[in-house]
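A.B. asks:
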Amino acid sequence: MDKSEIMARFGINVEERDITPTGNGHINDTFKVTARPASPFDYILQRINHHIFTDVDALQSNIENVTAHIRGKLEKKGEHDIDRKVIKVVKEKSTGKSYFFDGESYWRVMVFIDDALTRESITPENACHAGEAFGQFQMMLSDIPDKIEESIPDFHNMELRLRQFSDAIDADKAGKRKEVAALIDQLIERAEHACLAEKLFREDRLPKRICHCDTKINNMLFDRNGEVLCVIDLDTVMPSFIFSDYGDFLRTAANKGDEDDRNLDRVEFDMEIFKAFTEGYLKVASDFLTDVEIENLPYAVERFAYMQAVRFLTDYLNGDTYYKTAYPEHNLVRAKAQFKLLQSIESHKPEMEEFINSIKR
Numbered sequence: 005m006d007k008s009e010i011m012a013r014f015g016i017n018v019e020e021r022d023i024t025p026t027g028n029g030h031i032n033d034t035f036k037v038t039a040r041p042a043s044p045f046d047y048i049l050q051r052i053n054h055h056i057f058t059d060v061d062a063l064q065s066n067i068e069n070v071t072a073h074i075r076g077k078l079e080k081k082g083e084h085d086i087d088r089k090v091i092k093v094v095k096e097k098s099t100g101k102s103y104f105f106d107g108e109s110y111w112r113v114m115v116f117i118d119d120a121l122t123r124e125s126i127t128p129e130n131a132c133h134a135g136e137a138f139g140q141f142q143m144m145l146s147d148i149p150d151k152i153e154e155s156i157p158d159f160h161n162m163e164l165r166l167r168q169f170s171d172a173i174d175a176d177k178a179g180k181r182k183e184v185a186a187l188i189d190q191l192i193e194r195a196e197h198a199c200l201a202e203k204l205f206r207e208d209r210l211p212k213r214i215c216h217c218d219t220k221i222n223n224m225l226f227d228r229n230g231e232v233l234c235v236i237d238l239d240t241v242m243p244s245f246i247f248s249d250y251g252d253f254l255r256t257a258a259n260k261g262d263e264d265d266r267n268l269d270r271v272e273f274d275m276e277i278f279k280a281f282t283e284g285y286l287k288v289a290s291d292f293l294t295d296v297e298i299e300n301l302p303y304a305v306e307r308f309a310y311m312q313a314v315r316f317l318t319d320y321l322n323g324d325t326y327y328k329t330a331y332p333e334h335n336l337v338r339a340k341a342q343f344k345l346l347q348s349i350e351s352h353k354p355e356m357e358e359f360i361n362s363i364k365r
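Last residue of the sequence shown? That's 365 in the numbering used here, and every number before it is there in order.
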């Protein structure tokens, strides 16, 4: 089925030539649909990767419920230009669902937000804006009445990742265990601390909230003045610890090196980005977070550098079956870089705690 026929199922009549690939996402296939002047809007058409998001109905229900709740909050506040501040999904005409299955693939359509920019590079200024935007996102969803499902079950479950790590060590499918024994030992030494969130949750001391769970700088739209319009890419919105949004953003944004940096001297935790993001985040989020959540924000940053080191090394031990690699040692290089980042985070932990305490005071 042509993409123009798919668009017609959503009540939008365009020619195939009006639909062009856009974006650099790694999961879904995304297309820009030029529908004007016949329509007041242009659109985004996406083919959903149903191999990763296996329950498309639940995925789309999450997105509909989340965007409707945010839209209601913005309307209640009297915000203007709301269609640029929250994603608007389009319904398929015959079923009323927010997706269409053509027999092979699942498709969805959203209204394109005009005159908006994404950012790829991190500065203290946009890190602060990002912190505030993701804090605002969590706050607006803190009272959502609808049930939000896990779009990827156990996505940030540390105990599961460590079980997978242990299985990979025992199986040693690629025969690499002896080569990386020292790194394995250092990761196992930190395993109990890494699972602190799960422990606190079982003790009813740490809640799960509705989180974005993929907090990158390019998952938000900015206006021409550098202000955040809205958070986008809502596929991973699900119940999680707030550490998922806070810690994973800083794992990538506050790394002075690359995620797969061969030169470990370049890998260092950037306290300037940490302070900017944290200031923006707590400006909003401190109104609804518990003391336990705030006190453990430095742990959240440790948790995600640790988790990613474990996941990369697990894949290396399994023979590189999950992550795409550019060369044979790629996953090991990634694991070592993430472990070096973890060590840098650990060295800055007292300074991080003091900064957070200064904001609370």
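Backbone N, C-alpha and C fix where the C-beta goes; we use that ideal spot for every residue, glycine too. Please read these numbers as outputs of a predicted model, since none were measured by experiment.
1. Could you check if L121 is buried or exposed, using at least 16 other CB atoms within 10 Å of its CB as the buried criterion?
2. Residues in its own chain within less than 6 Å of D265 by CB, not counting five upstream and five downstream?
3. Taking the alpha helix (DSSP H) that C132 falls in, what are its first and last residues?
4. Measuring alpha carbon to alpha carbon, tell me which of K97, D85 and N53 ends up nearest M11.
5. Buried or exposed: which applies to L164, given that a residue is buried once 16 or more other Cβ atoms fall within 10 Å of its Cβ?
6. By a C-beta neighbour count over all protein chains shown, 10 Å radius and 16 as the cutoff for buried, is Y331 buried or exposed?
7. In whole angstroms, what is the alpha-carbon distance linking K279 and S8?
8. Suppose only complete runs of 3+ residues qualify. What are the beta strand (DSSP E) ranges in the region 56-142, listed by chain order?
9. Taking the CB atoms as reference points, tell me whether V93 and I52 lie closer together than 8 Å.
10. Do V70 and L145 have their C-beta atoms within less than 8 Å of each other?
11. State the Cα-Cα distance for the pair I91 and Y303, rounded to the nearest angstrom.
12. I think T24 touches F35, with their Cβ atoms under 8 Å apart; what is that distance to the nearest whole Å?
13. I221 and N322 look like a contact to me (Cβ under 8 Å); what is the Cβ gap, rounded to whole Å?
14. Roughly how many angstroms separate the alpha carbons of R228 and D171, rounded to a whole number?
15. Name the DSSP bridge partner or partners of V235?
16. Could you pull the start and end residues of the beta strand (DSSP E) that Q242 belongs to?
17. Report the residue from G284, F169 and A289 whose alpha carbon sits nearest the alpha carbon of D319.
18. Is the beta carbon of I277 less than 8 Å from the beta carbon of S290?
19. Answer with buried or exposed for K180, where buried requires no fewer than 16 other C-beta atoms within 10 angstroms of its C-beta.
20. If distances are taken between C-alpha atoms only, which option among D85, D106, V115 and A195 comes closest to Q312?
21. Just to confirm, is the Cβ distance from C215 to I246 under 8 Å?
22. By alpha-carbon positions, which one of R88, D174 and Q64 ends up nearest to L238?
23. Assign V1 to one of three DSSP states: helix, strand, or coil.
24. Which residue comes first and which comes last in the alpha helix (DSSP H) that contains V288?
25. Please look up how many angstroms separate the CB atoms of R365 and V305, rounded, as I've assumed it's under 8 Å.
26. Between Q142 and R213, which are expected to be in contact by the criterion C-beta below 8 Å, what is the C-beta distance as a whole number of angstroms?
27. Using three-state DSSP, classify N361 as helix, strand or coil.
28. Pick helix, strand or coil for S147, following the three-state DSSP scheme.
29. Based on the DSSP secondary-structure assignment, which residues constitute the bridge partners of N259?
30. List the endpoints of the continuous beta strand (DSSP E) containing T4.
31. Counting only the same chain and skipping the five closest in sequence on each side, list residues whose C-beta sits under 7 Å from that of R40.
32. Is the separation between the beta-carbon of G284 and that of H133 shorter than 8 Å?
33. Rounding to the nearest angstrom, what Cα-Cα distance links I48 and I56 in this structure?
34. Buried or exposed for Y326, going by 16 or more other Cβ atoms inside 10 Å?
35. Name the residue from H197, A178, K177 and I173 whose alpha carbon lies nearest to the alpha carbon of A186.
36. For I349, tell me which candidate among H73, M114, N259 and Q140 has the shortest Cα-Cα distance.
C.D. replies: This is what the structure gives:
1. Flag for L121 reads exposed.
2. The residues are V271 and A341.
3. Where C132 is concerned, the enclosing alpha helix (DSSP H) stretches over P128 to M144.
4. Residue K97 is the option with its Cα nearest to M11.
5. Under the 10 Å beta carbon count, L164 is surrounded by fewer than 16 other beta carbons and is classified as exposed.
6. An exposed status is given to Y331, since fewer than 16 other beta-carbon atoms sit within 10 Å of its beta-carbon.
7. Between K279 and S8, the alpha-carbon positions lie close to 47 Å from each other.
8. Fully enclosed beta strand (DSSP E) runs of 3 or longer: 110-115.
9. In this structure, I52 does not lie closer than 8 Å to V93 by Cβ.
10. Contact: yes.
11. When the Cα atoms are used, I91 and Y303 turn out to be separated by approximately 32 Å.
12. At roughly 6 Å, the Cβ-Cβ gap stays under 8 Å, so T24 and F35 are in contact.
13. The C-beta separation of I221 from N322 comes to about 31 Å, leaving the pair out of contact by the 8 Å criterion.
14. Approximately 49 Å between the Cα atoms of the pair.
15. DSSP lists M224 as the beta-bridge partner residues of V235.
16. A small fix is needed here, since residue 242 is Met in this sequence, not Gln. Here the beta strand (DSSP E) through M242 covers M242 to S244.
17. When only C-alpha atoms are compared, the closest one is F169.
18. No, the Cβ-Cβ distance between I277 and S290 is not below 8 Å.
19. With 16 or more neighbouring CB atoms inside 10 Å of its own CB, K180 falls in the buried class.
20. Distances from the alpha-carbon of Q312 to those of D85, D106, V115 and A195 put A195 closest.
21. In this structure, C215 lies near I246, with their beta-carbon atoms less than 8 Å apart.
22. Nearest C-alpha to L238: Q64.
23. The structure shown has nothing for residue 1, since the chain only spans 5 to 365.
24. Segment M275 to A289, the alpha helix (DSSP H) holding V288.
25. The Cβ separation is near 21 Å, so there is no contact.
26. Contact between Q142 and R213 holds, with the beta-carbon distance rounding to 6 Å and staying under 8 Å.
27. When DSSP states are grouped into helix, strand and coil, N361 belongs to the helix group.
28. Rather than Ser, the amino acid found at residue 147 in this sequence is Asp. Note: D147 maps to coil in three-state DSSP.
29. Answer is F273.
30. In this structure the chain extends from 5 to 365, so residue 4 is not present and cannot be described.
31. Closer than 7 Å at the Cβ level, and outside the excluded window around R40, lie D46.
32. In contact: G284 and H133 (Cβ atoms closer than 8 Å).
33. Each residue's alpha carbon lies about 20 Å from the other.
34. So Y326 counts as exposed.
35. Ranking H197, A178, K177 and I173 by Cα distance to A186 puts I173 first.
36. Across the set H73, M114, N259 and Q140, the C-alpha of N259 shows the shortest separation from the C-alpha of I349.
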